[in-house]
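Residue numbers (our numbering): 14 to 476. Backbone N, C-alpha and C define an ideal beta-carbon position, used for all residues, glycine too. Since the model is a prediction, treat every value here as computed from it, not as a measurement. Have a look at the structure below, then the notes.
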Amino acid sequence: MLIKEIVALPPEAQEAAVLGWVRTKRELKNLIFVEMNDGSTLEGLQCTFDRGSETFSSAVEAVLSEVSTGCAAAITGRLVPSPGSGQAVEIAASGIALLGKAPGETYPLQKKRHSLEFLRENAHLRARTNTFSAVARVRSRLAFGVHEFFQSRGFQYVHTPIITASDAEGAGAMFQVTTLDLEALSRSGKGPAYSQDFFGKPSYLTVSGQLEAETYATALSRVYTFGPTFRAENSNTSRHLAEFWMIEPEAAFADLADNRALAEDFLKFLFDLALRECPEDLAFFDARIEKGLLASLRSVLDSRFVHLTYTDAMKELEKNESAFEFKPFWGCDLQSEHEKFLTEKVAKGPVIVTDYPKEIKAFYMKLNEDEKTVRAMDVLVPRLGEIIGGSQREENLSRLEKRILELGMNLEDYWWYLDLRRYGTVPHAGFGLGFERLIQYVTGMTNIRDVIPYPRTAGQADF
Ligand code: 4AD
Ligand code: MG
């Protein structure tokens with residue numbers, strides 16, 4: 014049984030066996046306490062050996078003498094109400110087997126506080142700490158929650174490709190995938206012959222599954238993707254990864270207002286789920302990582318997200334111009350200090366900003382009547398800034414073609430995407446939620462490298 018299951022049993026002298034890793038071993042007079050953890054819950058299970066009990070033998074004593082922090086062990090005994098505070102039950106232990114040693118001289122995670130930087134260098138072991146096992150449990154539960162939310166609302170899960178020849182965001186921040194011999198190429202001094210490359214043309218890791226998701230939304234009506242995405246942006250920040258997971262719903266017969274409502278419902282569903290299903294882990298984050306986390310998540314559930322157009326948001330920022338290092342002006346991209354101001358000072362909670370200048374948004378967004386702005390939407394949250402980016406899509410063929418050409422992109426590359434506007438076009442909309450940013454928001458972890466098991470950033474692909 015997992016510790017999570019054992020601690021839920023009634024403590025009436027049940028026999029129990031615990032399998033896990035030793036967090037600590039302490040001795041007090043005749044008692045030896047071994048704290049076991051198996052990652053199934055935050056709380057470990059205390060196993061108490063009593064030198065005075067009948068079952069205590071020299072064999073048990075010998076094994077215990079070898080037990081140290083980090084060992085894997087199996088402990089048997091009876092489940093009893095715990096006399097100590099902090100736990101309801103413990104194990105009155107009688108037997109122990111040492112399954113895997115962890116020599117104290119070399120095991121990196123001795124029982125003491127470790128910095129997050131140190132743990133990042135030991136990412137293969139960090140899931141054995143409270144913080145990282147809690148992150149892993151929240152991540153797992155919310156990943157499942159994503160499917161629960163969309164499946165219950167008639168959205169079908171679509172697996173969009175990871176390798177692609179199209180730049181979904183038109184931003185060029187893509188990792189190339191090739192089987193060409195780069196060293197031979199550089200020796201020859203000739204350019205690459207892509208006809209000889211694996212796919213017969215330049216190909217990349219996807220930056221977004223959106224364009225392919227649109228092809229399914231205009232057939233299945235409501236779809237979503239949930240997969241890894243890749244961006245070769247050289248931005249070394251606490252909220253950018255080169256490899257991250259994104260959830261992208263796409264709905265036909267939907268406009269920007271529908272999209273906003275879906276995004277708000279989706280985020281609230283996930284916050285509520287985390288509060289209900291991961292209460293222990295969230296209480297830990299509230300106490301140890303981000304004070305006030307629980308209260309802020311709850312207050313978001315109880316209020317409507319503030320909606321501002323980009324133009325109105327800009328007016329708010331311009332009124333407070335002196336508060337910023339980067340002077341805000343109509344047409345500029347929102348800087349993180351601007352996002353922070355809008356969420357923390359203006360809205361005191363999440364804000365949805367819509368109708369951005371077309372120049373700072375992707376080619377596929379629907380042009381408004383003013384011909385200056387597009388039906389874009391970003392959801393901004395306190396502490397993090399942008400958590401969701403989305404839009405209503407341009408469903409009009411000639412306007413979409415015009416925009417692609419204006420941006421100097423090739424129409425031919427998007428022939429299949431344009432076909433959606435040629436045949437049975439409908440208004441449709443969607444968005445992308447960065448899964449790691451969601452986990453950051455829900456756990457309060459400040460660095461995105463700490464909410465994914467093995468972060469990939471510029472210059473960093475270990476493990
Ligand atoms: O705003 P983005 O670039 O939008 C898209 O990719 C659209 N195709 C989505 C759509 O409409 N279907 O990215 C969406 C979200 C961002 O709001 C952010 O949460 C996350 O993805 N994101 C990143 N997360 C971690 N590291 C990065 N480098 C990220 N870039 C974007
Ligand atoms: Mg964006």
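C-alpha distance - residue i paired with residue j, whole-angstrom precision
i    : j    : result
R39  : I45  : 6 Å
N43  : R152 : 41 Å
L275 : K124 : 45 Å
L330 : P341 : 6 Å
I175 : F62  : 53 Å
Y377 : W343 : 21 Å
G5   : Y170 : Lying before the first or after the last residue shown, residue 5 is absent from the chain, which here runs from 14 to 476.
K415 : R244 : 26 Å
E384 : H351 : 25 Å
C291 : T142 : 17 Å
L347 : I401 : 14 Å
E246 : P468 : 14 Å
I452 : F69  : 46 Å
Q164 : C345 : 38 Å
G445 : E74  : 57 Å
L397 : F145 : 20 Å
T438 : L193 : 39 Å
Residues that DSSP places opposite residue i in a beta bridge
i    : result
Y207 : None, per the DSSP bridge assignment.
N50  : W34
E28  : R91
P363 : Note: P363 sits in no beta bridge, so no partner.
M378 : R406
S216 : V190
G108 : T89
C60  : V47, I104
F243 : E256
Y369 : V387
G113 : A85
T177 : Y217
G445 : G402
R39  : F46
Alpha helix (DSSP H) segment containing residue i, residue limits
i    : result
H320 : Taken as a continuous stretch (DSSP letters only), H320 belongs to no alpha helix (DSSP H), being part of the beta strand (DSSP E) at 319 to 322.
H160 : 143 to 164
W429 : 428 to 435
H127 : Unbroken run through H127: none, as it is neither H nor E.
I452 : 448 to 456
R200 : 195 to 201
E74  : 71 to 79
A308 : 306 to 314
Residue i (DSSP reduced to helix, strand or coil)
i    : result
M14  : coil
L44  : strand
T238 : strand
V102 : strand
E399 : strand
F282 : helix
H351 : helix
Y170 : strand
Y467 : coil
T438 : coil
T229 : It should be pointed out that residue 229 corresponds to Tyr in this sequence rather than to Thr. Helix at Y229.
F252 : It should be pointed out that residue 252 corresponds to Arg in this sequence rather than to Phe. Correct three-state label for R252: coil.
R96  : Note that residue 96 corresponds to Pro in the displayed sequence, not to Arg. If DSSP states are grouped into helix, strand and coil, P96 belongs with coil.
T356 : helix
F298 : helix
I19  : helix
A184 : coil
P341 : coil
N333 : coil
D268 : coil
D346 : coil
M327 : helix
S411 : helix
Inter-residue CB distance, residue i and residue j (contact presumed, cutoff 8 Å)
i    : j    : result
F188 : Y207 : Actually they are not in contact, since the Cβ atoms of F188 and Y207 sit about 16 Å apart, beyond 8 Å.
T54  : E293 : 6 Å
L92  : I19  : 7 Å
I302 : G99  : Not confirmed; about 20 Å, so no contact.
E277 : E227 : 22 Å between Cβ atoms; not a contact.
P24  : P94  : 5 Å
V455 : F284 : 7 Å
T322 : D368 : 5 Å
S299 : L307 : In the sequence as presented, Ser is not what sits at residue 299; that position holds Asp. At roughly 5 Å, the Cβ-Cβ gap stays under 8 Å, so D299 and L307 are in contact.
G183 : A375 : 6 Å
Residue i, enclosing beta strand (DSSP E) - first and last residue
i    : result
D391 : 386 to 394
E261 : 256 to 265
D475 : Neither: D475 is in no beta strand (DSSP E) and is coded neither H nor E.
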